[in-house]
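Student:
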Amino acid sequence: MYKSGRTHIGLLIIAFAVILLGVGNYIRTTYTVRTVYVEGNVHYTEEEIKSMVMGGVLGDNSLYLSFKYKNKDIKGIPFVDVLNVDILSSDTIKIIVYEKSLTGYIKYLDTYVYFDRDGYVVENSSMKTMGVPQVTGLEFDHIVVGEPIPVEDEEVFGNILEITKLLNKYKLTSDKIYFNPAGDITVFFGRVKVALGKDRTTLEDKFMILPKLLEELGGKSGTLQMQNYDEHSGKYTFQPEREGSG
Numbered sequence: 024m025y026k027s028g029r030t031h032i033g034l035l036i037i038a039f040a041v042i043l044l045g046v047g048n049y050i051r052t053t054y055t056v057r058t059v060y061v062e063g064n065v066h067y068t069e070e071e072i073k074s075m076v077m078g079g080v081l082g083d084n085s086l087y088l089s090f091k092y093k094n095k096d097i098k099g100i101p102f103v104d105v106l107n108v109d110i111l112s113s114d115t116i117k118i119i120v121y122e123k124s125l126t127g128y129i130k131y132l133d134t135y136v137y138f139d140r141d142g143y144v145v146e147n148s149s150m151k152t153m154g155v156p157q158v159t160g161l162e163f164d165h166i167v168v169g170e171p172i173p174v175e176d177e178e179v180f181g182n183i184l185e186i187t188k189l190l191n192k193y194k195l196t197s198d199k200i201y202f203n204p205a206g207d208i209t210v211f212f213g214r215v216k217v218a219l220g221k222d223r224t225t226l227e228d229k230f231m232i233l234p235k236l237l238e239e240l241g242g243k244s245g246t247l248q249m250q251n252y253d254e255h256s257g258k259y260t261f262q263p264e265r266e267g268s269g
């Protein structure tokens, strides 16, 4: 009787192991990733994102990746805040990249220092990001990742945020935003400098007509004087750059 009981338990263990192997094999073969879609990535290519997400043991298993990257906060990857993996079908996944919010960057000690809408340093990197404007004219004596840039007038970040929003709204790409000591704003578009003054209340009106003005200027070099907004005349002075200056 005792021997029979042991045999019965042994058979149950074997049967259980066979079932586990079968389930494991089913999951491995059925949920092996063959197609990957990536969205939300700007700083990194699709291949770089795939390499980050799908490395290591079970890196090609859609179920495992879905559990591992369920709205996961990411540490150690510059510019990436959250990664999420959605299963579209058993062998197809979509990797959704949520990048850190960047308003602008400054050059500091041969690196690019990116900051958010409140002036907090998001990342210090050797990587230059397209579409993020450089900000010059800010005065500070040190920078720490995760802390605000220590400028005297913190309202400057509100100005930067408003300008970047208007750039996006009117589909404009700026190379650089400059603040002089008096707070006057100049935005650079290639060889054209647009002097906007310091009045935030008229920025929307000025940006509204900027695309047309820049198109009319074509390949000219110089400064578009828009400090004094005149909604009635709609005319602005363009000062060509002197030959040999610059």
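Per the numbering used here, residue 24 is the first one in the sequence shown, and the count goes up by one each step. Just so it is clear, CB atoms sit at the ideal spot from N, CA and C, and this is done for glycine as well.
Within the chosen definition, does the region 154 to 164 reach the region 172 to 186 through at least 3 CB pairs nearer than 8 Å?
Tutor: Yes: the two stretches touch, three or more of their Cβ pairs being nearer than 8 Å.
Student: Near residue 145, what residues of its chain come up, given a Cβ to Cβ distance below 8 Å and the 5 sequence neighbours on each side ignored?
Tutor: Here the set comprises 102, 123, 124, 125, 137, 138, 139, 168.
Student: Apart from the five residues just before and just after residue 57, which ones in its own chain have a Cβ nearer than 8 Å to its Cβ?
Tutor: Same-chain partners within the cutoff: 114, 115.
Student: If you follow the alpha helix (DSSP H) that residue 76 is in, where does it begin and where does it stop?
Tutor: Unbroken alpha helix (DSSP H) run through residue 76: 69 to 76.
Student: Taking the alpha carbon of residue 108 as the point to measure from, which residue in 159, 93, 149 has its own alpha carbon closest?
Tutor: Taking only the C-alpha atoms, the option nearest residue 108 is 93.
Student: Check each candidate in 89, 191, 206, 120 and name the one with the smallest Cα separation from residue 160.
Tutor: Among 89, 191, 206, 120, the Cα nearest to that of residue 160 belongs to 206.
Student: Across the region 230 to 242 and the region 184 to 197, are there enough close Cβ pairs to call them in contact, namely three or more that are closer than 8 Å?
Tutor: Verdict: yes, contact present.
Student: Between residue 78 and residue 179, what straight-line distance do the alpha-carbon atoms span, to the nearest angstrom?
Tutor: C-alpha separation (whole angstroms): 42 Å.
Student: Among 213, 265, 130, whose alpha-carbon lies nearest the alpha-carbon of residue 148?
Tutor: With distances taken between Cα atoms, residue 148 lies closest to 130.
Student: What do you get for residue 99, buried or exposed, if any count of 16 or more other CB atoms within 10 angstroms of its CB means buried?
Tutor: By the neighbour-count rule (16 or more Cβ atoms within 10 Å), residue 99 is not buried but exposed.
Student: Give the secondary structure of residue 204 by DSSP, where H, G and I count as helix, E and B as strand, and everything else as coil.
Tutor: DSSP places residue 204 in coil when its eight states are reduced to three.
Student: Since residue 20 contacts residue 110 with CB under 8 Å, what's their CB separation in whole angstroms?
Tutor: This structure gives no information on residue 20, because the portion of the chain shown stretches from 24 to 269.
Student: Taking 7 Å as the cut-off, is the C-beta of residue 95 nearer than that to any heavy atom in the ligand NAP?
Tutor: Ligands displayed in this structure: none; no statement on the ligand NAP is therefore possible.
Student: Does the distance from the C-beta atom of residue 69 to that of residue 76 stay below 8 Å?
Tutor: Contact flag unset, no.
Student: How big is the Cα-Cα spacing for residue 203 and residue 219?
Tutor: If you take the alpha carbons of residue 203 and residue 219, they lie about 11 Å apart.
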